[in-house]
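In the working numbering, the protein residues as written are 1 to 206.
Below: one structure, written as C-alpha cells.
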C-alpha cells in the first residue's frame, strides 16, 4: 500500500502536461509516475543505479555531461533530499533547460529517514523559493502536499513494517481525523502548517 506521501504526490503529478524532451533526474523506468504525466513528450531517465532502467548514468552532484538548452522540462521527483550538493541540481537544470523551459520538483519535508543511498536534507517552502530565484527561475509555484497533523503521523508509519491490513486501517482513521479538524480549520491552512512535502514548478527566465 502506498504511503500518504506517495499517493498525494502522484496525484499532483497526474495534473502535469508536458511536451518535448523531459530529463528525469534520479528517476526510474520501473516507477509508475511516468504514465501519470500527460502530453506529447519523451522522458530521458538519469540515475546512478544500473538496475533502475535508465538512459543516462552520471553523478548529479557534478556538472551534467549534457548540452546546454537541450531539454524542455526537468523532473526531480523525490531526489533532492538524497543529493548533498543540491545547488548543482538547480544550476545544471537551468543550464540544460531551453529558455522558458520548466523544472518540476517533488520533495518531501516531513518524512522518516530513507537513505537511497543517503538522506541529507529537508527543504522548507522558503528555501525552495530562494534556491529557484538564485538559479534564474521565475513563475515559481510551491504547493504543499498533505492534509493535516494526523496524516503526518500516518506518514511516519511508512518506515515501519506492519501488516498491510493494519496499515490500511491506520491510514483511513488518520485521514478521517484530519477531515474532522478541517471542519474547524481551513484545509489549506492545515496543508501549509503540516506539509508532507512540496510540489514545485518554475520556468527558466527567458
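Here a beta-carbon is modelled for each residue, glycine too, at the ideal position from N, C-alpha and C.
Bear in mind the structure is a predicted one, so any value in this text is a computation, not a measurement.
Extent of the continuous beta strand (DSSP E) to which residue i belongs
i: residue 103; result: 97-108
i: residue 141; result: 137-145
i: residue 131; result: Note, residue 131: premise wrong, no beta strand (DSSP E); alpha helix (DSSP H) at 125-134.
i: residue 24; result: 20-25
i: residue 204; result: 197-204
i: residue 35; result: Careful: residue 35 lies outside any beta strand (DSSP E) and carries neither H nor E.
i: residue 44; result: 41-46
Other residues of its chain near residue i: CB distance less than 6 Å, five sequence neighbours each side excluded
i: residue 23; result: 44, 71 and 74
i: residue 191; result: 144 and 146
i: residue 123; result: 107
i: residue 113; result: 119
i: residue 88; result: 61
i: residue 4; result: 151, 154 and 155
i: residue 167; result: 1
Whole-angstrom distance between residue j and residue i, CA atom to CA atom
i: residue 202; j: residue 174; result: 33 Å
i: residue 90; j: residue 151; result: 30 Å
i: residue 199; j: residue 100; result: 19 Å
i: residue 154; j: residue 170; result: 7 Å
i: residue 119; j: residue 82; result: 5 Å
i: residue 50; j: residue 32; result: 18 Å
i: residue 97; j: residue 180; result: 44 Å
i: residue 158; j: residue 178; result: 18 Å
i: residue 117; j: residue 206; result: 36 Å
i: residue 54; j: residue 25; result: 10 Å
i: residue 6; j: residue 111; result: 11 Å
i: residue 38; j: residue 84; result: 31 Å
i: residue 115; j: residue 164; result: 22 Å
i: residue 35; j: residue 194; result: 29 Å
i: residue 48; j: residue 130; result: 28 Å
i: residue 56; j: residue 27; result: 11 Å
Residue range of the unbroken alpha helix (DSSP H) whose run includes residue i
i: residue 154; result: 149-156
i: residue 75; result: Residue 75 -> not in any alpha helix (DSSP H); beta strand (DSSP E) instead, spanning 71-77.
i: residue 181; result: 164-181
i: residue 65; result: First-last for residue 65: undefined, no H or E at that position.
i: residue 10; result: 4-13
Anticipated Cβ contact below 8 Å, residue i with residue j, distance rounded
i: residue 92; j: residue 63; result: 6 Å
i: residue 197; j: residue 58; result: About 25 Å separates the two Cβ atoms, so there is no contact after all.
i: residue 8; j: residue 41; result: With a Cβ gap of about 23 Å, residue 8 and residue 41 do not count as contacting.
i: residue 121; j: residue 172; result: No, residue 121 and residue 172 are not in contact; Cβ-Cβ is about 31 Å, not under 8 Å.
Nonlocal neighbours in the same chain, by C-beta distance under 7 Å from residue i, ignoring five residues either side
i: residue 94; result: 135, 136, 137 and 204
i: residue 16; result: 37, 38 and 104
Cβ neighbours of residue i in the same chain (closer than 8 Å, five flanking residues each side left out)
i: residue 246; result: One cannot answer for residue 246 here, as it falls past the ends of the chain, which runs 1 to 206.
i: residue 67; result: 96
i: residue 29; result: 45, 52, 53 and 54
i: residue 126; result: none
i: residue 132; result: 90, 103, 140, 200 and 202
i: residue 21; result: 41, 42, 44, 70, 71, 72 and 73
Q.
Is it the case that the segment 101-115 contacts the segment 75-86, given that we only count it when at least three CB pairs across the two stretches are under 8 Å?
A. Touching, per the Cβ criterion.
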